[in-house]
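Reading through the C-alpha cells given below for one structure.
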Amino acid sequence: MSGLFACAPLHDLHSTDSIRQKKIQPGTTHSGLTFIEEVVPAAGKTLIPYKKYLLSNGLTVILHEDSSDPLVHVDVTYHVGSSRERLGQSGFAHFFEHMMFQGSENVADEQHFKLVTAAGGRLNGSTSRDRTNYYQTVPANHLERMLWLEADRMGFLLDAVTPEKFEIQRETVKNERAQRVDDVPYGRLQERVAEALYPAEHPYSWPVIGYVEDLDRVGVDDLKAFFLRWYGPNNATLSVGGAINVEQALDWVVKYFGGIPRGADVASVRNTPIFLEKDRYVSFQDNVHLPLLFMAYPTTYLRHQDEAPLDLLARILGAGKTSLFYENLVKSGVAINASVSHPCGELACQFNLYALPNPASGQTLADVESAVRDTLDQFERHGVDTADLRVIKAE
C-alpha cells in the first residue's frame, strides 16, 4: 500500500536576484548565419560564457570555448516533449527519441552509435515534458563528423523510417515502461501524483513514457507527422562546447545544417500553473513492503520569480542531515527516508514532499502526514536566518 496527496498551493516567495549579461550588438557573420549575442559572467558571478547565433532556417546555435580537455560536447535540443502531445497520444515524444537512433538517409541502422563509440565517445538522448535532446561527447578532432550525424537525422530521417523499425521500437518502449514503471516498486507513483494534481487535459497529467494503450494506438504515419510538425531547425537549439575553434565550428554548422528547410511554425507555449481549491487524497495498491507518503503542492512555472526561492526552500526543508525533514522525521525515527524537491517545467511546477515510514515506529501514514505538516508549521513560525540561507545558496 502506498499513499499520495495533492495539496493546495504554498504561499508565494519572492526573489529579485539576477545575473547581468554582457550583450554584443547583433549582426551578420557567416553567410546565412546571424550573430545574436555574447554572454560573459558579471564580476563575482558564476556563469558559462557563450556566443549565440541564428541560422536563416531558424536553428539557434550556441558555442562555448573550453580547452581544458581535448573534448567537444554536441547537443541538439528540440523544443518538444510530452507536453506537446495530444490527449490520447501519450508517450509519442519519447517513442520518437528511440526512432532517431534507427538510422537516417545517409546513416545506416545503429551506425550513429558505432561511429561515436569507435571515436572513443559516448552518446545518448533523453525526453522530458518540455524537450527532447540528443548528445555526444567525443575527442575534439571528431567534431565535424558529429555535426554531420546530427544534421543528417534532422534533415533526412523520414526516408529511413520503415514499418518494421517502427514496430520494433514500439515493443522496445513498452518493455522499457514495464522495466522502469510497471514492474518497479513505487514505479507508478509519479503517474498517480500527476493524475491527481493536474486536470485530465493538462499536458503534465500524463507520463513522459506514455500509457501502453496510447502506444498501441499510434502508427508510422503519426510518427512522420510528428517529425514534420516538431523536428524542424526552427524548433531546435544546437549547442557545442569544448576545445573548439569558433570560426571553424561555424563553417561546419553552415555547411551541414544551413541547407535544411525550415519546419512548421511553432507557437510559444503558455504557462498553465494549476490551483487546487482543497486537498485531494488518493491511495493505490502496489507490490511493496512499506507504505509511502507523497505530498505535492502546485506552485508556479519555470523562471517565475518564485521558482528560485522555492528551490531554496526545498533544500532547507529536505537536503542533508541538517534539514528539518531529517531532524523531525528520520533522526526521530518516524521515517526511514524523507526528502523535498521542487521540479519545475515550462507550464507548471510542483513542490514535492516524500516520506517512507519506519515500520519499527508503529506510525501510520496519517501519523507521518501529521509530522510533515508539523514540520512545515515549524518552518513557517521560525523561518531561516541569513547565515543558513547563505550556506544553502553557496552549495
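Counting from 153, one number per residue, gives the positions in the sequence shown under our numbering. All C-beta atoms in this analysis are idealised placements derived from N, C-alpha and C, irrespective of residue type, glycine included. Since the model is a prediction, treat every value here as computed from it, not as a measurement.
Please report the distance separating the alpha-carbon of Trp382 from that of Glu316.
Computed Cα separation, rounded: 23 angstroms.
Going by beta-carbon coordinates alone, are His354 and Thr424 separated by less than 8 angstroms?
Yes, they are a contact pair.
Counting only beta-carbon atoms, is Tyr408 nearer than 8 angstroms to chain D?
Structure shown: chain D not included; a single protein chain is present.
Using the Cα positions of Gln173 and Pro385, report the straight-line distance between them to the nearest angstrom.
Its pLDDT being 43, under 50, Gln173 is placed unreliably in this model, and the value from its coordinates should be taken loosely. Answer to the nearest angstrom: the Cα atoms are 26 angstroms apart.
Would you give the residue range spanned by the beta strand (DSSP E) that Ser420 belongs to?
Run containing Ser420: none; DSSP gives neither H nor E here.
According to DSSP, which residues form a beta bridge with Gly226?
The sequence shown places Val at residue 226, rather than the Gly named in the question. Its beta-bridge partners are Gln288 and Val392.
Please classify Asp282 as buried or exposed, where buried requires at least 16 other C-beta atoms within 10 Å of its C-beta.
The residue is buried, with at least 16 neighbouring Cβ atoms inside 10 Å.
By the three-class DSSP mapping on this structure, what secondary structure does Gly470 have?
It is helical.
Using three-state DSSP, classify Thr186 as helix, strand or coil.
In this structure, Thr186 counts as strand in the three-state DSSP scheme.
Taking Val392 as the reference, give the member of Glu189, Gly210, Leu215 and Thr324 with the closest Cα.
It is Leu215 whose Cα lies nearest to the Cα of Val392.
Start and end of the beta strand (DSSP E) containing Phe248?
No beta strand (DSSP E) holds Phe248; the alpha helix (DSSP H) holding it covers Phe244 to Met251.
For Gly485, collect the residues of the same chain with a Cβ closer than 8 angstroms to its Cβ; drop the 5 residues on either side in sequence, then sort them by chain order.
If we look at Gly485 and ignore the five residues flanking it on each side, its Cβ neighbours are Asn510, Ala512 and Ser513.
Pull up the CB-CB distance for Val290 and Gly273, whole angstroms please, since I reckon it's below 8 angstroms.
About 3 angstroms separates the two Cβ atoms, so the contact holds.
Near Trp358, what residues of its chain come up, given a Cβ to Cβ distance below 6 angstroms and the 5 sequence neighbours on each side ignored?
Counting only Cβ-Cβ distances below 6 angstroms, and skipping sequence neighbours, we find Ser242.
Compute the distance between the beta-carbons of Leu508 and Asn489, then report whether it is under 8 angstroms.
Against a cut-off of 8 angstroms, the Cβ pair of Asn489 and Leu508 comes out as a contact.
Thinking C-alpha only, which one of Cys501, Tyr433 and Tyr478 is nearest Glu459?
Here the closest residue by C-alpha is Cys501.
Assuming Leu295 and Pro450 make a contact with CB atoms under 8 angstroms, what is their CB distance in whole Å?
In fact, because the Cβ distance is near 43 angstroms, the residues do not count as touching under 8 angstroms.
For the stretch 252-285, list the beta strand (DSSP E) runs that are entirely contained and at least 3 residues long, ordered along the chain.
Correct list: 274-279.
Roughly how many angstroms separate the alpha carbons of Tyr202 and Val524, rounded to a whole number?
Rounded to whole angstroms, Tyr202 to Val524 spans 43 angstroms at the Cα level.
Hey, would you say Gly394 sits closer than 8 angstroms to Ala292, going by beta carbons?
Yes, Cβ-Cβ distance for Gly394 and Ala292 is below 8 angstroms.
Thinking C-alpha only, which one of Val364, Arg236 and Leu301 is nearest Gln331?
Selected option, being the one with the closest Cα: Val364.
If Gly339 sits next to Thr279, beta carbons under 8 angstroms apart, how far is it from one beta carbon to the other, in whole angstroms?
Incorrect: roughly 17 angstroms between the Cβ atoms, too far for contact.
So is Val543 buried or exposed if we call it buried at 16+ other beta carbons inside 10 Å?
Exposed, by the Cβ-count rule.
Quick check on Leu309: does DSSP put it in helix, strand or coil?
DSSP places Leu309 in coil when its eight states are reduced to three.
Taking the alpha-carbon positions, what's the Asn387 to Val213 distance?
Rounded to the nearest angstrom, the two C-alpha atoms are 12 angstroms apart.
What did DSSP end up calling Ile361 once you bin it into helix, strand or coil?
Note: Ile361 maps to coil in three-state DSSP.
For Asp537, which of Leu499, Leu465 and Val520 has the nearest alpha-carbon?
Per the Cα distances, Leu465.
What do you reckon, are the CB atoms on Gly184 and Leu207 nearer than 8 angstroms?
Yes. Within cutoff.
Counting along the chain, where does the alpha helix (DSSP H) carrying Phe379 start and finish?
Taken as a continuous stretch (DSSP letters only), the alpha helix (DSSP H) holding Phe379 covers Val372 to Trp382.
Can you tell me whether DSSP reads Ser234 as helix, strand or coil?
Helix, per DSSP.
List the residues that DSSP assigns as beta-bridge partners of Phe503.
Partner(s): Tyr449.
How would you label Gln515, buried or exposed, when you count the other beta carbons within 10 angstroms and need 16 or more for buried?
That one is buried.
How would you call Ser491, buried or exposed, if buried means at least 16 neighbouring beta carbons within 10 angstroms?
Classification for Ser491: buried.
Taking the CB atoms as reference points, tell me whether Phe378 and Phe248 lie closer together than 8 angstroms.
In this structure, Phe248 lies closer than 8 angstroms to Phe378 by Cβ.
Exposed or buried, Ile200, counting other C-beta atoms within 10 Å across all chains shown (16 or more means buried)?
Exposed, since its Cβ has fewer than 16 Cβ neighbours within 10 Å.
Consult DSSP for His534 and reduce its assignment to one of helix, strand or coil.
Helix, per DSSP.
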